[in-house]
Amino acid sequence: MNNTRSANSVVVLDFETTGLSPRLGDRAIEIGAVLLVDGKVIDQFQKLMNPGFPIDSFIENYTGITNKMLRNKPPCEEVMSEFVEFIGGHNLVAHNASFDKRFLDAELDYIDKSYSGNFACSMLIARRIYQESINHTLGEMVDYKCIPTDGVFHRALADSEMTAKLWLVMLDDIQCQYEFSKISFDLMKRISRQPKKKVHEFLQKQLEL
DNA sequence: TGCCAGGCCCTCTTTAGGGCCTT
6 MNNTRSANSV VVLDFETTGL SPRLGDRAIE IGAVLLVDGK VIDQFQKLMN PGFPIDSFIE
66 NYTGITNKML RNKPPCEEVM SEFVEFIGGH NLVAHNASFD KRFLDAELDY IDKSYSGNFA
126 CSMLIARRIY QESINHTLGE MVDYKCIPTD GVFHRALADS EMTAKLWLVM LDDIQCQYEF
186 SKISFDLMKR ISRQPKKKVH EFLQKQLEL
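Each residue of the first sequence is one higher than the one before, starting from 6 at the first, in this note's numbering.
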């Protein structure tokens, strides 16, 4: 179902992990993701995984994921083998994508697998198009854009669903403000790379092309 | 030996420093 790449499809993902750095031994403990096609969620993925060592109390409190919950869960290698099939050839989105990309790359290295899609970062785009917001955390963006939630934060599927909604709101806002008939994933990536002060000028120029 | 995230981005910048984001 997910093995084809569409210009209008993207997998929005979020990891919960044992810490901030795979290079220092941190591992994934949960992956959540939704597949967006033509602006609609048509599939989702959520699994807890056992990192092979106890998680500390900070992570238990931060995520609500406990050592007891992970005790009988499959190892990261097994879950990530399933998840790479879910990703297929789709492009990828995450909030602060550099973090999730590091963990995705590290976990797939363990099982000698890879993916072909490109990453876009919803946080970098939000910083450019919502420059007046006090900050650009996922929680603040949800409040700022009045995005409905079920009140769950810092769990992988809930955060990936909120990021997906934010992604669609940003597409809609850009499309309405600049009267684009269609906005590609590649254009969103290019927006995220523009200097903040030149984003407006960049988008206006795109309309003239 | 001991320490340890790392990419992005702004500014009192570029021979740097520090805040923002993610867990």
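Ideal Cβ placement from N, Cα and C applies to all residues, glycine included.
Distance CB(residue i)-CB(residue j) smaller than 9 Å
i      : j      : result
LYS73  : ASN55  : no
VAL16  : HIS95  : yes
SER86  : LYS106 : no
ILE179 : ILE152 : no
VAL39  : GLU137 : no
VAL147 : LEU171 : yes
ARG32  : CYS81  : yes
GLY44  : ASN66  : no
ILE139 : TYR120 : no
PHE185 : LEU214 : no
LEU41  : LEU208 : no
Through-space distance from residue j to residue i, alpha-carbon basis
i      : j      : result
ILE188 : ASN123 : 16 Å
LYS210 : LEU75  : 50 Å
LEU129 : GLU83  : 31 Å
LYS52  : PHE158 : 16 Å
THR168 : THR23  : 21 Å
GLN182 : LYS150 : 15 Å
GLU145 : TYR115 : 34 Å
LEU5   : LEU176 : There is simply no residue 5 to check, as the chain begins at 6 and stops at 214 in what is shown.
LYS194 : GLY57  : 35 Å
LYS202 : ARG132 : 11 Å
LEU109 : GLU90  : 13 Å
SER62  : SER103 : 25 Å
THR68  : ASP155 : 15 Å
PHE190 : PHE88  : 21 Å
LEU192 : TYR135 : 17 Å
PRO200 : GLU206 : 10 Å
Sheet register partners of residue i (DSSP bridge)
i      : result
GLU139 : As written in the sequence, residue 139 is Ile, which differs from the Glu given in the question. Its beta-bridge partners do not exist; DSSP assigns none.
ASP19  : GLY37
LYS52  : ILE36
SER26  : DSSP lists no partner for SER26.
ASN96  : VAL15
VAL42  : SER14 and LYS45
Reference residue i; option with closest CA among the options
i      : options                           : result
LEU18  : VAL46, ARG28 and GLY24            : VAL46
THR142 : ALA125, SER121, ASP164 and ASP155 : ASP164
ALA111 : GLY30, LEU208 and PHE207          : GLY30
VAL98  : LEU192, SER127 and VAL42          : SER127
ALA125 : PHE207, VAL42, ARG198 and LEU208  : ARG198
Close-in-space but distant-in-sequence residues of the same chain around residue i (CB under 8 Å, 5 per side omitted)
i      : result
ILE70  : GLU21, ILE34, GLU35, LEU53, ILE60, ILE64 and ARG160
LEU113 : MET85, VAL89, SER119 and TYR120
Residues near residue i by beta carbon distance below 7 Å, same chain, minus five either side
i      : result
LEU162 : GLY37, GLN49 and GLN51
Residue i CB to nearest heavy atom of the ligand PLP below 8 Å
i      : result
THR142 : With respect to the ligand PLP, the structure offers nothing, as it holds no ligand at all.
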